[in-house]
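Chemist: In the numbering used here, the protein residues as written are 5 to 465.
Can you keep this structure in mind? I'll have questions shortly.
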Amino acid sequence: MASLRPLDACFLEVEEADGRANLAIGAVAVLEGPPPTRSEFAAAVRRRIAAIPRAQQVVHRVPLDLGLPEWAEAEGFDVERHIRRVALPDPGDDAELCRQIENVMAVRLDPDQPLWQCWVIEALAHGRWALLMKLHHCMADGISGARLFESLCDPVDRTAATESPNTIRGAPGSAGAAVSAGVVSARWLTGALRSPRKSVARIVDLVAGSAVLAGRVLWPSAGSSFNGPLTRQRRYGIARASMSEVSAICDAFGVTINDVALAAVSGAVRRLLIRRGEVPGPRTIRSLVPVSYRASGGGATTLDNEISLMLPYLPVDVADPVDRLHTVHSRMSAAKSDGESGAGHVATELARLVPFAPLAWGMRLMLRFPQHSVAVVTTDVPGPPVPLRLLDRRVIELLPYVPIAVRLRLGVAVMSYDQRLSFGVTGDLDGVPDLDELCDGIESDLRELRRAAARHGDAHS
């Protein structure tokens, strides 16, 4: 049996400590109709999931946490247990789809079964249907989850796939290479022997980055209504943008798609704070921003989590949308240069060299105390670079879902696919009752940035 990584196990520990948390991630594909029959869909999933061992395994915990939880083969594994089917009520629009997503994602996965489900959602407007793939965060991060969804789709020719130079993969902090704990240790030892001075400098940088990261986790923010206790229920909303228009913003102002997304979220949160009668200050909203350390290669059979994190403040105090964009770009670049994201990744990898029991006990103790530092999680997921088909039905769009927990009342996941950029927004039912307004605010901010980019282009033509 293979052990979970410490970071993967941490997602289980959060659920163990907080009965209102549900750390399942999701991807929703909207497809052309008609939907497949149950037997047709089950046969396709059975055939394609056979190559993914993790999808046929369950988590076994070690008594007294004397070792990391382990993956073990599920006895009597049956694909049919993981397939659900439901139809939307009329009119089958975005609002009804979002309600169904809320209902599905509010329920925890059965811990005695492999931790994933596929939901076929029928009766969408315009003769469409949807597939909601739900899997626990201990199995995969956003990128490996997207690859898992791709593995269910029909084979495609990727030779013609092209990417914009401002793709999400180029966002500040994206490392592009996974590093195991053993490799980290070996590299440090080899580096120390070959160049002691450089090795010491690297360790100093790592310690400094770790100190910055720890300080941001422990130091409370000014506080806002986006940080507080959660209910068991969630809300889900959608915002959309054209990739060509977002790329035009990137080209005009020399930023990344990730910067544009964070700036739009900052503008939307700013509007809600003001409407709620709160003063948006420079240290009001800190966001957890996951950073991928996954190698560019690899397929759907390689799951697990390969992420670190950054904890920048969102510039909700900045009124002008272009100034907000430049501020986001500056802060994300600084977070990368000060070693914050690298420190987080190396720390999670080195945790594999430490006995699990003190890590688990320490996390449970920490989770007993309410955190007041982070209010929002914002994550970007590079979607498939080519159009997909599933059972010969065209995938029209992909929508991401990110969970929220530990007093973070708002989560925003951003996914690129087929010339679209989709924002999947998760909010606590009580903490973010105005979630639809926030989604409208994201789109409004993007329109303002597009107009500013057009004016910038005219001024320099």
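Glycine included, C-beta positions come from ideal geometry on N, C-alpha and C.
Identify whether Arg26 lies in helix, strand or coil by the three-state DSSP scheme.
Modeler: Residue identity check: residue 26 is Asn in the sequence provided, not Arg. In the structure shown, Asn26 sits in coil (DSSP, three-state: anything other than H, G, I, E or B).
Chemist: Do Leu292 and Val381 have their C-beta atoms closer together than 8 Å?
Modeler: yes
Chemist: Does Ala243 come out as helix, strand or coil in the three-state DSSP assignment?
Modeler: strand
Chemist: Please say whether Ile242 and Gly428 have beta carbons closer to each other than 8 Å?
Modeler: yes
Chemist: Measure how close the beta-carbons of Ile408 and Leu402 come, nearest whole angstrom, since I'm counting them as under 8 Å.
Modeler: No, Ile408 and Leu402 are not in contact; Cβ-Cβ is about 20 Å, not under 8 Å.
Chemist: On the DSSP letters alone, give me the boundaries of the beta strand (DSSP E) that Ser155 sits inside.
Modeler: Where Ser155 is concerned, there is no enclosing beta strand (DSSP E), although the alpha helix (DSSP H) it sits in stretches over 146 to 156.
Chemist: Excluding sequence positions up to five away, which residues of its chain have a Cβ less than 6 Å from the Cβ of Leu371?
Modeler: Ala21
Chemist: Determine the closest residue to Leu234 out of Glu19, Arg52, Ala457, with distance taken between C-alpha atoms.
Modeler: Nearest of Glu19, Arg52, Ala457 to Leu234, Cα basis: Glu19.
Chemist: CB Leu442 to CB Leu313, shorter than 8 Å?
Modeler: Contact: no.
Chemist: In whole angstroms, what is the alpha-carbon distance linking Asp98 and Met5?
Modeler: Taking the straight line from one Cα to the other gives about 42 Å.
Chemist: Taking 8 Å as the limit between beta carbons, can you name the residues of its chain near Glu126, skipping five residues before and five after?
Modeler: Same-chain partners within the cutoff: Pro39, Arg89, Val90, Ala91, Leu92, Trp133.
Chemist: Where does Gln104 fall in DSSP's three states?
Modeler: helix
Chemist: Would you check if the distance between the CB atom of Met143 and the CB atom of Arg58 is smaller than 8 Å?
Modeler: Inclusion of Met143 and Arg58 in the CB contact set at 8 Å is warranted, their separation being smaller than that value.
Chemist: Report the residue from Leu425, Leu266, Thr331, Ala265 whose alpha carbon sits nearest the alpha carbon of Pro286.
Modeler: Thr331
Chemist: Judging by CA-CA distance, which residue of Asp444, Arg451, Ser296, Arg393 is the nearest neighbour of Val385?
Modeler: Ser296
Chemist: Give a single yes or no on whether Ala457 has its beta carbon closer than 7 Å to a heavy atom of the ligand SAH.
Modeler: Of the ligands one can find in the structure shown there are none, so the ligand SAH has no counterpart to examine.
Chemist: What does the Cβ neighbour count give for Ser43, buried or exposed, with the cut at 16 atoms within 10 Å?
Modeler: exposed
Chemist: Starting from the Cα of Leu307, find the closest Cα among Ala47, Asp145, Leu156 and give me that residue.
Modeler: Among Ala47, Asp145, Leu156, the Cα nearest to that of Leu307 belongs to Asp145.
Chemist: Going by the beta-carbon positions, is the gap between Cys102 and Tyr240 smaller than 8 Å?
Modeler: Contact flag set, yes.
Chemist: Just confirm the distance between the C-beta atoms of Leu394 and Leu156, as a whole number of angstroms; I'd bet it's less than 8 Å.
Modeler: 7 Å between Cβ atoms; contact.
Chemist: Taking Leu329 as the reference, give the member of Leu363, Phe360, Asp263 with the closest Cα.
Modeler: Asp263
Chemist: At which residues does the beta strand (DSSP E) containing Glu74 begin and terminate?
Modeler: 74 to 77
Chemist: Can you give me the start and stop residues for the alpha helix (DSSP H) that Phe15 sits inside?
Modeler: Unbroken alpha helix (DSSP H) run through Phe15: 10 to 21.
Chemist: On the DSSP bridge assignment, give the partners of Met419 in chain order.
Modeler: Val385, Ser426
Chemist: What beta strand (DSSP E) runs, 3 residues minimum, are completely inside the segment 264 to 296?
Modeler: You should have 291 to 296.
Chemist: Over the uninterrupted beta strand (DSSP E) stretch that includes Met137, give me the two end residues.
Modeler: Start and end: 132 to 140.
Chemist: What is the DSSP secondary structure of Ser228, reduced to helix, strand or coil?
Modeler: Reduced to three states, the DSSP call for Ser228 is coil.
Chemist: Any idea if Thr288 is buried or exposed, counting beta-carbon neighbours within 10 angstroms, 16 or more meaning buried?
Modeler: buried
Chemist: Taking the alpha-carbon positions, what's the Gly71 to Gly431 distance?
Modeler: Straight-line spacing of the CA atoms in Gly71 and Gly431 works out to 34 Å.
Chemist: Between Gly232 and Val378, what straight-line distance do the alpha-carbon atoms span, to the nearest angstrom?
Modeler: 10 Å
Chemist: Let's see if you can read the secondary structure: which residues bound the beta strand (DSSP E) around Ala339?
Modeler: Segment 325 to 341 is the alpha helix (DSSP H) holding Ala339; no beta strand (DSSP E) there.
Chemist: Roughly how many angstroms lie between the CA atoms of Ala456 and Val326, to the nearest whole one?
Modeler: 7 Å
Chemist: Take His460 as the anchor and find which of Glu100, Ala252, Phe15 has the nearest alpha-carbon.
Modeler: Looking at the Cα atoms, Ala252 is the closest of the given residues.
Chemist: Flag Val416 as yes if its beta-carbon sits less than 8 Å from any beta-carbon of chain C, otherwise no.
Modeler: Note that chain C does not occur in the displayed structure, where there is just one protein chain.
Chemist: Can you name, in chain order, every residue of its own chain whose Cβ lies under 7 Å from the Cβ of Val259, other than the five neighbours on each side?
Modeler: Leu329, His333
Chemist: According to the neighbour-count rule (16 or more other Cβ atoms, all chains shown, within 10 Å of its Cβ), is Leu412 buried or exposed?
Modeler: buried
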